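Note that the protein sequences, when read in sequence, are chains D, V and L. This note's numbering applies: residue 1 is where the first sequence begins, and numbers increase by one. This note's numbering applies: residue 1001 is where the second sequence begins, and numbers increase by one. This note's numbering applies: residue 2001 is where the third sequence begins, and numbers increase by one. Where a beta carbon is used, it is the ideal one built from N, C-alpha and C, also for glycine. All values derive from a computational prediction rather than experimental measurement. A short write-up of the structure that comes next.
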Amino acid sequence: MSIKVILEKCNGCKLCVKSCPYQAIKVFEKKAIIEANCNLCGACVEVCKSNAIVIEDKRKIEDTSGYNGIWVFTEQRNKNIASVVYELLGEGRKLADSLGTYLAAVLLGKNIKDGTDKLIGHGADKVFLVEDDLLKDHLDDAYAQVMVDLINQYKPETVLFGATVVGRSIAPKIAAILKTGLTADCTGLEIDLKNRLLLQTRPAFGGNIMATIVCPNKRPQMATVRPRVMKKLDFSSSRQGEIIKFEPKNLSSKINVLNFVEDLTEKVKLEEADVIVSGGRGLGKADNFKLIKEFASLLNAAVGASRAAVDAEWIPYSHQVGQTGKTVCPKLYIACGISGAIQHLAGMQTSETIVAINKDPDAPIFSVANYGIVGDLFEVVPVLISKLKETRCS
Amino acid sequence: MDYFLTDEQRMIKDLARRITEEKIIPARAELDEKEEFPWEILKILAESDLFGLYVPEEYGGFGMGCFENCLVMEELSRGCCGVSVSYAASALGAYPILLFGSDEQKKKYLPDVAKGTKLAAFGLTEANAGSDAGGIQTNAVREGDYYILNGTKQWITNGGEAEIYTIIALTDKSKGARGASAFIVEKGIPGFSFGKKEKKLGIRASATRELIFENCKIPAENLIGKEGLGFIVAMKTLDVTRPGIGAQAVGLAAGALEATLNYSRQRVQFGQSISSFQAIQHMLADMATEIEAARALVYQVAKSIDAGAKDVSKISAMAKVFASDVAMKITVDAVQIFGGYGYMREYPVEKMMRDAKIIQIYEGTNQIQRNVIALQLIKESTLTAN
Amino acid sequence: MEIIVCIKQVPGTTEVKIDPNTNTLIRQGVDSIINPFDTYALEEGVRLKERVGGKVTVITMGPPQAEQVLRDALTVGADEAILLSDRAFAGADTLATSYTLSKTIEKIGSFDLIICGKQTMDGDTGQVGPELAHFLSIPYVTFVKKVEEINENKIVVERMVEEGYEVIGMPLPGLITVVKEINEPRLPSLKGMMKAKSAQVTIWNHQDIDAKKDKVGLAGSPTQVIKIFTPERHQKGGMLQGNLETQVDTLIDKLKQGRLI
């Protein structure tokens, strides 16, 4: 890879200097000079009106034909399949249909064959089933070894993982063994039919920027996908699928899980809730979360919080919604006293309906809200509570 | 104003600022409210090596001086004077050993103080001996290889928290001020106890207690220098630590100005930010000018001391008196600009105003400082006239 | 114990914007800092060194300016620092980055433990740790929140998962990635700052680490960014009108219509 400035064409206009996100271009004697911290991002190439900057891509083009099928890695703990798997099957179904290929789930574990029906019922055409005593726990090295053997044998074009702890641990190992690309934490997947490429869109810089990434010359294309972003299909027992058993060879692991300690304090299932009522800085103090809790219990909702409220230690971190907290997608999200910093919006703006209550009419939360009430939450919420109670009674 | 600090001085200032921003400012309101001694922050200062700046390298310090101490004091005081006085009082307790102690005493006590693993404190003031330090009544009677201490020291900063105390006591009542001597007393020895922690207007994170000596037997080798040197030890110590108190005032005032500037840009009245009103602008301008003048004076005095200037009592008194008066005025003005909000505990300026008052009082009241300055002026004038 | 900590220099804020005219990131005027998650990795490395003895080496890959984060690491207890800087490294994705780091660590030779942050603040991928472990053929554990035991041959760690934590044993040499719950990073010490100021930072290019040019940087990266853009916001919704009562009534009606309550 190399970048160069065609000096005859460069007119010293400095557009490239402004465009460079790495501040790696200088203009000296009316000619652009690319410095050592250039990241070859190509921003300058695009803005240059004189076409004076070129990046040469000398990468080998590899043959990607012969790969087909969309695979979903099935994450499970104690035989409970993670809900992100069904979401991936829902999305994978769309991708497979548009490509005219099959959708498969890969199920690894010990005594887990009961899970195959659920996977097929949620959209899988095939289930690769691998059972072994060693696969009881999520051992990254053993799981990766099985996945790589399967991939080498069946050659899928795309393999998707949930962007969970397990998915984000095992997927990079597999990608590194296969020397293929992996895109982390995707929130959007599309197909470029012309080039048969998976367009993988993900947030970067804390959600301020979205980037679309492709893996043009290597197969399989791999991505981890953020939970609660894709939509699952309703279960249908009428769906049919094929179960392919796979015997792992010489399976071993260097690590071992000595113990699992369940966190019992984590009661809030924010990610699963249909309705969430969240409180932010506008609450002023920890005690005022009582109001939010009362409101939430009336709606049978989970309680969320902005980072400001969590940082102030008004409520534990497990309630935090946003870039550094949980990403949620409830049917109804009610933000009380939350200004809507971009980090917060990143975690909740895909909610189906958003209600915002805030004193400041210019608060960014209103820009994503379906219904906004400008006012002091300590006046608005009590009225809401009493009116809701009235409607319940009548 | 750029004071052209050396690389090392800039490092010290940056480090102290970072600790202030990350650790002190977030904690100061609670420390003040709960009157809680800032052990956690002092531990961070210790781990960052800031306790030993003025201690010679052979005793585990950095061999720097009064000026570097001032840089740290200024930064810490931007955050909280309750913290910074606890830090400064340790130096105040250690300086008598550094200036007049024997090599054995220095070896025994200074490394721990420099590392910050032990705090020091200085005991001069008594119930009837404030500005009139000559009125102390605590006495030390020699008995063989020991001195027996009796008496009570009052309002001792770091009292009860420090491990090492330097105490001024009379060894010869008949000689008045010339009969005082300085001693090192370690916490925990029989006959040495503490009074209750005082409730104060400001600097409430700091600990202020009585030191009570009841037939407290201390080894004769804990005498600093020799008998009769007590007041000289005390005065020379205060001469070199006073600029640090001036720096405390500068830092406090600078912190108040920063808070006020931020507030006045944000606070909207009559449809515009209050910083657009000339009445506020002039106050801000005066505040900034006075702070810069105080800072320049404090820095220059500290540098003179480090350069070995003789007879620094007058200039060090000037640094303290001017800077502390500036801090008082500026914090009062800061509260005024904040208006009602300034009077509330949600904002830091009411605490700053409460903290400022003590700086005009402790380490020699500003009235006593003015006496020192005036007497020296007259003396100099007499000498020139002759 | 020989401990290697991998760190990255990132922009000091995630508040980056896209220039609507050029469709590129505006990063001007933003200071660079050590990736916050890497500060926990560094602190854990220094704490383990203090616990069992040994040495901490920090590595970063980046432009020459990235030397600053290495010096920052030296102020808080790292012993040696290596900067991988080469035009050929530019544009690396996680695979090319991991390969480059692995060649560096092979050149360093012996090590017992590699520590990485769980992810970076700018890229947010968390992939370099596991990929690096693969290239070095060593085991790894991600999302570590506590080191329970460590000796020359093995480490026992607690790993955070969604429902709690796992206790995992791993032989050494190995690699862990750590989460912020693991410790509270210390502030620098004056002695550390003075040492860092005069310390020698080793700078290596791709030849120094014997890396193949077609495996590093953009050339060695299977993924490619084809577009960056500002995320779509939902269109500005209806601000409810009228007095408080009316607004609340309207809201309840709307929510009922939508079968949301």
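My output table needs one value for residue i: the three-state DSSP class, helix, strand or coil.
i, result
"residue 205/D", "coil"
"residue 1208/V", "strand"
"residue 215/D", "coil"
"residue 2229/L", "strand"
"residue 2116/L", "strand"
"residue 2260/L", "coil"
"residue 348/D", "helix"
"residue 2220/L", "helix"
"residue 336/D", "strand"
"residue 228/D", "coil"
"residue 2054/L", "coil"
"residue 1389/V", "No information on residue 1389/V is available, as it lies outside the stretch 1001 to 1386 that chain V covers here."
"residue 1360/V", "coil"
"residue 1056/V", "coil"
"residue 126/D", "strand"
How many Å lie between residue i and residue j at the Cα?
i, j, result
"residue 1328/V", "residue 1081/V", "13 Å"
"residue 1381/V", "residue 1316/V", "19 Å"
"residue 1202/V", "residue 1269/V", "31 Å"
"residue 1257/V", "residue 1169/V", "42 Å"
"residue 1015/V", "residue 2005/L", "24 Å"
"residue 1298/V", "residue 1068/V", "12 Å"
"residue 28/D", "residue 2159/L", "52 Å"
"residue 1363/V", "residue 1289/V", "25 Å"
"residue 232/D", "residue 85/D", "9 Å"
"residue 197/D", "residue 349/D", "28 Å"
"residue 211/D", "residue 323/D", "16 Å"
"residue 2176/L", "residue 2113/L", "8 Å"
"residue 170/D", "residue 387/D", "50 Å"
"residue 266/D", "residue 260/D", "Confidence at residue 266/D is low in this model, with a pLDDT of 47, below 50, so the placement of that residue should be treated as unreliable; the coordinate-derived value is given next. Roughly 15 Å separates the two Cα atoms."
"residue 2234/L", "residue 201/D", "Here the model assigns residue 2234/L a pLDDT of 48, short of 50, so the residue's position is not dependable and the matter cannot be decided."
"residue 143/D", "residue 106/D", "11 Å"
"residue 248/D", "residue 153/D", "12 Å"
"residue 2064/L", "residue 2010/L", "13 Å"
"residue 1263/V", "residue 1278/V", "15 Å"
"residue 1293/V", "residue 1301/V", "12 Å"
"residue 1199/V", "residue 1161/V", "16 Å"
"residue 1389/V", "residue 1123/V", "Residue numbering for chain V in the displayed model covers 1001 to 1386; residue 1389/V lies beyond these limits and cannot be assessed."
To the nearest whole angstrom, what separates the beta carbons of residue i and residue j, a pair I think is in contact under 8 Å?
i, j, result
"residue 224/D", "residue 184/D", "5 Å"
"residue 1096/V", "residue 1182/V", "5 Å"
"residue 2104/L", "residue 2034/L", "About 18 Å separates the two Cβ atoms, so there is no contact after all."
"residue 1350/V", "residue 1340/V", "Not a contact, Cβ separation roughly 11 Å."
Which chain L residues sit within Cβ distance under 7 Å of residue i?
i, result
"residue 1050/V", "2190"
Closer than 9 Å by beta-carbon distance: list the chain L residues that pair up with residue i, in chain order.
i, result
"residue 1044/V", "2186, 2187"
"residue 1047/V", "2186, 2187, 2189"
"residue 77/D", "2161, 2162, 2163"
"residue 261/D", "2158, 2164, 2165, 2166, 2167"
"residue 181/D", "2093, 2094, 2095, 2221, 2222, 2223, 2224"
Who are the neighbours of residue i on chain D, taking C-beta pairs under 7 Å?
i, result
"residue 2038/L", "Chain D residues near residue 2038/L: none, gap ~16 Å exceeds 7 Å."
"residue 2122/L", "204, 205"
Note down, in chain order, every chain D residue with its Cβ under 8 Å from the Cβ of residue i.
i, result
"residue 2245/L", "383"
"residue 2100/L", "What residue 2100/L touches in chain D: nothing, since even the nearest Cβ is about 13 Å away."
Which chain D residues sit within Cβ distance under 9 Å of residue i?
i, result
"residue 2150/L", "Those do not exist, as residue 2150/L stays about 14 Å from chain D at its closest Cβ, beyond 9 Å."
Checklist entry - Going along the region 1002-1014 of chain V in order, which residues come within less than 9 Å of chain L, judged by CB to CB distance? => result 1007, 1008, 1011, 1012, 1014
Item to check | Residues within the region 2206-2234 of chain L neighbouring chain D, beta-carbon criterion of under 8 Å | outcome: 2214, 2217, 2218, 2219, 2221, 2222, 2223, 2224, 2225, 2226, 2227, 2228, 2229, 2230, 2231, 2233, 2234
Next on the checklist: Can you pull out the residues from the region 2176-2205 of chain L whose beta carbon lies closer than 9 Å to at least one beta carbon of chain D?
Outcome noted: 2177
Checklist entry - Of all the residues that make up the region 1075-1095 of chain V, which are near chain L by a beta-carbon distance shorter than 8 Å? => result none
Item to check | chain L contacts from the region 1016-1031 of chain V (Cβ-Cβ distance under 9 Å) | outcome: 1018, 1019, 1022, 1023
Checklist entry - Using a beta-carbon distance cut-off of less than 9 Å, what residues from the region 2127-2139 of chain L approach chain D? => result 2127, 2128, 2129, 2130, 2131, 2132, 2133, 2134, 2135, 2138, 2139
Checklist entry - the region 223-235 of chain D: which residues have C-beta closer than 7 Å to a C-beta of chain L, in chain order? => result none
Checklist entry - Taking any Cβ of chain L, which residues in the region 11-24 of chain D have a Cβ under 9 Å from it, in chain order? => result 15, 18, 19, 20, 21, 22, 23, 24
Next on the checklist: For the region 78-96 of chain D, list every residue whose C-beta sits within 9 Å of some C-beta in chain L, in sequence order.
Outcome noted: 82
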